[in-house]
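Report on the structure given below.
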Amino acid sequence: MRKTIRSRKLNRRDFLKLGGGVLTGAALTRLLPRTLGQSGLVAKADDYSQVVSNVPDLHLAGTDGWIYLPGEVPIPGSVNQFYQPDNYAPNLLTTYMFGFRDVTGLSDDLVFAQKMKCQATAPLFWVNEGQEYRIQLTNLGLQMRPDLIDEHTVHWHGFRNAWPIFDGEPHSSVRVPIGRSLTYFYQPFHPGTYMYHCHVEETEHVHMGMTGSVFVRPAQDGTPIVAANGKTYDRFAYNCGDGSTGYDREFVLNLTDLWAEAHWADSHVQLPDWTDFNADYYLLNGRVYPDTVAPNGLGLDTNTGILQPPPGRPELQYQPLSSLIECESGDRVLLRLINLTFGQHAMSLPGMKMRVVGKDATHLRSSYDGTDYTYDTHTVYLGTGATVDAIFTAPEVTETQTYLFYNRNFDRLTNAGGQGYGGQMTEIRVHPAGTLAPQTEPNTNPRL
Ligand SMILES: [Cu+2]
134 MRKTIRSRKL
144 NRRDFLKLGG
154 GVLTGAALTR
164 LLPRTLGQSG
174 LVAKADDYSQ
184 VVSNVPDLHL
194 AGTDGWIYLP
204 GEVPIPGSVN
214 QFYQPDNYAP
224 NLLTTYMFGF
234 RDVTGLSDDL
244 VFAQKMKCQA
254 TAPLFWVNEG
264 QEYRIQLTNL
274 GLQMRPDLID
284 EHTVHWHGFR
294 NAWPIFDGEP
304 HSSVRVPIGR
314 SLTYFYQPFH
324 PGTYMYHCHV
334 EETEHVHMGM
344 TGSVFVRPAQ
354 DGTPIVAANG
364 KTYDRFAYNC
374 GDGSTGYDRE
384 FVLNLTDLWA
394 EAHWADSHVQ
404 LPDWTDFNAD
414 YYLLNGRVYP
424 DTVAPNGLGL
434 DTNTGILQPP
444 PGRPELQYQP
454 LSSLIECESG
464 DRVLLRLINL
474 TFGQHAMSLP
484 GMKMRVVGKD
494 ATHLRSSYDG
504 TDYTYDTHTV
514 YLGTGATVDA
524 IFTAPEVTET
534 QTYLFYNRNF
544 DRLTNAGGQG
554 YGGQMTEIRV
564 HPAGTLAPQT
574 EPNTNPRL
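Count the sequence shown with the numbering used here and you get residues 134 to 581, in order.
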């Protein structure tokens with residue numbers, strides 16, 4: 134079994150020291166470090182630095198920004214005025230957002246230069262079971278709304294045994310004011326698919342885009358296991374022991390929705406009435422079809438701080454994550470589905486069966502008596518706040534075949550009611566064996 138990283142286990146005394154300190158820290162958010170240079174410390178006392186390193190694995194900036202969505206949403210009763218595209222949007226972009234950006238490794242100046250450059254959805258990250266992981270959150274404020282002095286937090290939704298100080302739930306814990314930083318500490322022991330989001334003014338901040346995907350790799354990863362299909366796997370969704378959750382490729386699909394009126398209202402200093410909520414767009418990983426199948430962005434340039442857009446798609450600069458799923462005949466493909474919308478969704482994959490092996494970061498096998506609760510389906514149901522891990526096996530093909538994976542509610546397959554297909558849909562392209570290179574990161578489709 135692969136060794137997990139547990140270099141600095143907390144002893145009981147460390148834990149009590151930390152716990153006592155964070156109560157003070159939670160009460161006095163002004164203790165959060167003002168400068169980025171010392172921003173890793175939860176509070177001043179040296180004791181904490183033994184527990185909470187000031188070197189984050191991931192540095193997130195919370196701010197506002199703009200993305201691109203096709204289609205129009207007129208303002209009712211107006212002439213040539215639109216909630217979408219927003220008339221305040223910069224060149225190429227259309228829609229106002231709140232969100233996070235990955236600013237890991239940037240200088241302090243470059244971090245602050247990312248104000249009004251958030252991305253949708255928030256940066257995807259993953260952690261190994263048992264690994265210590267630190268996320269530094271810096272609040273850059275909202276460029277379009279200096280009147281809103283909102284704090285931000287990181288709430289890892291579904292994290293079992295979370296410490297209140299690192300849970301990001303602002304009513305029982307600390308939140309990060311503008312210009313300050315906090316480093317969150319995690320040591321996850323439950324593999325599976327999760328989501329994270331800001332928990333401050335969450336109806337607004339989550340809907341405005343402060344939500345992203347996270348998953349935990351099981352300790353079993355790296356141990357070759359021969360599965361019932363005769364193939365050997367060394368990557369798994371869960372600690373299954375028998376290879377039944379082994380896979381060749383994995384893709385995260387984060388379902389969000391977008392009500393254009395609310396986004397326009399936030400950029401125009403208006404107050405949306407959330408009881409009127411009526412989404413115009415349904416997105417996968419922050420994009421709508423057909424942009425969902427456009428390539429991934431080219432990543433963060435740490436010398437300039439610029440988030441580099443997908444090739445030939447400058448308007449998708451702040452929507453970097455592709456939902457295009459490519460695989461070869463015989464591949465097992467793990468879909469990590471996340472729903473953080475206001476509604477329930479049924480995602481359909483006609484022509485291929487999916488085996489649902491996990492739900493809400495829980496292996497669908499009884500830990501008491503081993504009863505198998507996994508099941509085959511063409512359609513995965515997701516309630517609000519739920520995640521599902523489903524695996525399909527790509528069929529034998531002699532030439533590339535394309536399958537559609539889409540929201541079964543056809544109302545969610547348009548871009549604001551415009552012509553043609555849009556919304557929550559992506560493509561699964563099955564190639565003959567020998568086309569693709571092994572996948573090393575989720576949501577990538579490397580060629581040989
Ligand atoms: Cu927030």
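For every residue, glycine included, the Cβ atom is placed at its ideal position computed from N, Cα and C.
Terminal residues of the beta strand (DSSP E) in which residue i lies
| i | result |
| --- | --- |
| Trp199 | Leu191 to Ile200 |
| Thr271 | Tyr266 to Gly274 |
| Val349 | Thr344 to Arg350 |
| Leu468 | Arg465 to Asn472 |
| Phe475 | That residue, Phe475, is in no beta strand (DSSP E); it is neither H nor E in DSSP. |
| Val530 | First-last for Val530: undefined, no H or E at that position. |
| Thr510 | Tyr508 to Thr510 |
| Val521 | Thr520 to Thr526 |
| Ser314 | Ser314 to Tyr319 |
| Phe369 | From DSSP, Phe369 is part of no beta strand (DSSP E); its letter is neither H nor E. |
| Tyr216 | Phe215 to Gln217 |
Extent of the continuous alpha helix (DSSP H) run through residue i
| i | result |
| --- | --- |
| Ser400 | Ala393 to Ser400 |
| His338 | Glu335 to His340 |
Residue from the options with nearest C-alpha to residue i
| i | options | result |
| --- | --- | --- |
| Ser377 | Val339, Val385, Arg368 and Glu383 | Arg368 |
| Pro351 | Thr336, Arg580, His304 and Trp259 | Trp259 |
| Asn372 | Ser500, Tyr539 and Thr531 | Ser500 |
| Asp464 | Pro209, Tyr422, Ala412 and Ala360 | Ala360 |
| Trp392 | Asp197, Val206, Leu193 and Pro189 | Val206 |
| Pro324 | Thr344, Gln353 and Pro310 | Gln353 |
| Asn578 | Arg382, Leu404, Arg446 and Phe231 | Arg382 |
| Pro428 | Thr559, His288 and Glu262 | Thr559 |
| Ala222 | Thr237, Val244, Phe233 and Asp197 | Asp197 |
| Asp390 | Leu581, Tyr414 and Thr568 | Tyr414 |
| Leu467 | Asp300, Gln572, Gly445 and Pro279 | Gln572 |
| Leu431 | Leu454, Asn540, Asn272 and Pro357 | Leu454 |
| Gln264 | His478, Pro444 and Phe318 | Phe318 |
| Ala494 | Gly374, Met328 and Leu457 | Met328 |
| Lys492 | Gly518, Gly232, Gly503 and Asp190 | Gly518 |
| Thr316 | Ile561, Asn224, Pro203 and Gly301 | Gly301 |
| Ile282 | His288, Asn272 and His290 | Asn272 |
| Glu284 | Tyr266, Phe322, Thr520 and Phe233 | Phe233 |
DSSP three-state assignment for residue i, whether helix, strand or coil
| i | result |
| --- | --- |
| His564 | strand |
| Ile208 | coil |
| Glu459 | strand |
| Asp375 | coil |
| Asp83 | No answer is possible for residue 83: it lies beyond the span of the chain, which begins at 134 and ends at 581. |
| Gly301 | coil |
| Arg545 | helix |
| Glu383 | strand |
| Leu449 | helix |
| Leu515 | strand |
| Leu581 | coil |
| Ala178 | The pLDDT assigned to Ala178 is 41, lower than 50, so where the model puts this residue is not dependable; a value taken from the coordinates is nonetheless given after this. Reduced to three states, the DSSP call for Ala178 is coil. |
| Met487 | strand |
| His330 | strand |
| Gly152 | Residue confidence for Gly152 is low, a pLDDT of 42 falling below 50, so the modelled location carries little weight; the figure read from the coordinates is stated next. It is helical. |
| Phe322 | coil |
| Tyr536 | strand |
| Ile439 | coil |
| Gly355 | coil |
| Asp502 | coil |
| Val309 | strand |
| Gly556 | coil |
| Asp390 | strand |
Outcome for residue i when other beta-carbon atoms lying within 10 angstroms are tallied against a minimum of 16
| i | result |
| --- | --- |
| Val402 | exposed |
| Ala214 | First, the residue type needs correcting, since residue 214 is Gln and not Ala in the sequence shown. So Gln214 counts as exposed. |
| Lys486 | exposed |
| Ile200 | buried |
| Phe348 | buried |
| Gly158 | For Gly158, the predicted structure reports a pLDDT of 41, less than 50, and the residue's modelled location is therefore unreliable. A value from the coordinates is still provided. That one is buried. |
| Thr547 | buried |
| Gln247 | buried |
| Leu569 | buried |
| Asp395 | Residue 395 is actually Ala in this sequence, not Asp. The residue in question, Ala395, is buried, as its Cβ has 16 or more Cβ neighbours within 10 Å. |
| Leu298 | Checking the displayed sequence, the identity of residue 298 turns out to be Ile instead of Leu. So Ile298 ends up on the buried side. |
| Glu532 | exposed |
| Tyr380 | buried |
| Thr254 | buried |
Within-8 Å CB hit, residue i to chain B
| i | result |
| --- | --- |
| Ser240 | Judged by its chain identifiers, the structure shown contains no chain B, having just a single protein chain. |
Exercise. Of all the beta strand (DSSP E) runs that stay within the bounds of the region 398–430, which reach a length of 3 or more residues?
Worked result: 414–417
Problem set entry | Contained alpha helix (DSSP H) runs [length at least 4] in the region 229–295, N- to C-terminal order | 241–245
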